[in-house]
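Okay, structure first, notes after.
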Amino acid sequence: MFDLVLQLVFVILSVSLALVFFRLIKGPTLPDRVVALELIASLTVGFIAAYAVLTEKSDFIDVAVVLALTAFMAAVGFARYLEKRGRRDGE
Amino acid sequence: MMEGSLILRTAARFLMPLLLTFSIFMLLRGHDQPGGGFIAGLIAAMAFALYVFAFDVPTTRRILRVDPRGMLGWGLLIAALSGVISAMLGQPFFTSQWWPIQLPVLGELKLSTPLFFDIGVYLVVLGTVMTIVLTLAEAEE
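Protein chains in written order, with the numbering used here: chain A, 14 to 104; chain B, 21 to 161.
In structure tokens form, the structure reads like this:
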């Protein structure tokens, strides 16, 4: 039962990654793409966490922590860039 | 100049010590577990980059205390010297030397040349990334 749920988790995460990737390519505006990138990072963190459960290796949790940190920094950087760009356009 | 949100500034103040502690943890465990000088240096650089985003460049330079370029040079020197030690002992360059010592409370500390090499890498990575981030942020302003 537990294995089945785990397999299901991977399937659902993969489907959402595909959907987000579609948004990343299509996304009409830049903020759409930024949100898509952030979501990809969060999904990857979930992937790594599920993989840590599957392999029962706790080392992967640290990888997830560092990736989450990097994604957070990227979010802050992107937000700053978008804010600056908006100001320069005189909006 | 104090732009940026209050939330980000408060979060940066709290996250900074956490990230730096985490980077030291990553640096020290790196020998036989995931981690090491490179990723630890990146995490520390991330802490300072967050500070650049939340505050400004002069403030970050002040809390760094040393010039990142100097840090880079010292890191390279430490990493290279850790290899020279074995050459002076008549062994091939960069052979690991281990000096385990007993500390009163903490237990055994494995002092070794790989540790010094990792510390050197840590300083090089931190210095390089901070030089890039600070230069870019200054060019932006």
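Glycine included, every Cβ here is placed at the ideal spot set by N, Cα and C.
Small disclaimer: the values here were computed from a predicted structure and weren't measured.
So with CB distances below 8 Å, who are the chain A contacts of residue i?
| i | result |
| --- | --- |
| P37(B) | None at all; the shortest Cβ gap to chain A is about 14 Å. |
| M66(B) | L82, T83 and M86 |
| L28(B) | V89 |
| P54(B) | D72, D75 and V76 |
| I63(B) | V79 and L82 |
Excluding the 5 residues preceding and the 5 following residue i in the sequence, name in chain order all residues of the same chain whose CB lies nearer than 6 Å to its CB.
| i | result |
| --- | --- |
| G103(A) | Residue confidence for G103(A) is low, a pLDDT of 46 falling below 50, so the modelled location carries little weight; the figure read from the coordinates is stated next. Closer than 6 Å at Cβ, skipping near neighbours: no residue. |
| G61(B) | Y142, V145 and L146 |
| A54(A) | A84 |
| G140(B) | G95, I98 and A99 |
| A65(A) | F73 and I74 |
Identify, in the order they occur along the chain, each residue of the same chain with its Cβ nearer than 8 Å to the Cβ of residue i, setting aside the five sequence neighbours on each side.
| i | result |
| --- | --- |
| L179(B) | Given that chain B is displayed from residue 21 to residue 161, the structure contains no residue 179(B) and the question cannot be resolved. |
| P120(B) | E128, L129, K130 and L131 |
| S116(B) | S106, S132, T133 and P134 |
| T151(B) | P88, R89 and L92 |
| V28(A) | none |
| T42(A) | none |
| V104(B) | F113 |
What does a CB cutoff of less than 7 Å around residue i pick up in its chain, not counting 5 residues either side in sequence?
| i | result |
| --- | --- |
| V22(A) | A63 |
| M21(B) | The pLDDT assigned to M21(B) is 45, lower than 50, so where the model puts this residue is not dependable; a value taken from the coordinates is nonetheless given after this. Same-chain partners within the cutoff: D76. |
| T68(A) | none |
| E51(A) | A84 and A88 |
Could you say which of the options lies nearest to residue i if we only look at CA atoms?
| i | options | result |
| --- | --- | --- |
| M66(B) | I27(B), W118(B) and L84(B) | L84(B) |
| L70(B) | I152(B), L28(B), D138(B) and P124(B) | L28(B) |
| T57(A) | K97(A), I25(A) and V18(A) | I25(A) |
| L80(A) | F60(A), V47(A) and F91(A) | F60(A) |
| L35(B) | F68(B), G55(B), S25(B) and M46(B) | F68(B) |
| S43(B) | F137(B), I63(B), V104(B) and A31(B) | I63(B) |
| V76(A) | L101(B), F114(B) and G56(B) | G56(B) |
| L38(B) | G90(A), F91(A), Y94(A) and L82(A) | L82(A) |
| H51(B) | V125(B), D138(B), L26(B) and T148(B) | D138(B) |
| A31(A) | A49(A), E96(A), F15(A) and K97(A) | A49(A) |
For residue i, which residues does DSSP report across the bridge?
| i | result |
| --- | --- |
| K130(B) | P120(B) |
Taking residue i as the query, report the chain A residues whose CB atoms sit under 7 Å from its CB, ordered along the chain.
| i | result |
| --- | --- |
| A69(B) | M86 |
Could you spell out the range, first to last residue, of the alpha helix (DSSP H) harbouring residue i?
| i | result |
| --- | --- |
| P88(B) | P88 to M108 |
| K70(A) | From DSSP, K70(A) is part of no alpha helix (DSSP H); its letter is neither H nor E. |
| R82(B) | V77 to L84 |
| Q20(A) | F15 to K39 |
| P37(B) | L26 to R49 |
| V72(B) | G57 to A74 |
Can you pull the chain B neighbours of residue i, defined as C-beta to C-beta under 8 Å?
| i | result |
| --- | --- |
| V22(A) | Within 8 Å Cβ-Cβ: nothing; V22(A) doesn't reach chain B, min ~23 Å. |
So with CB distances below 9 Å, who are the chain B contacts of residue i?
| i | result |
| --- | --- |
| R98(A) | By Cβ distance, chain B contributes nothing, its closest Cβ being about 11 Å from R98(A), past 9 Å. |
In chain B, what lies closer than 7 Å to residue i by C-beta?
| i | result |
| --- | --- |
| R93(A) | F73 |
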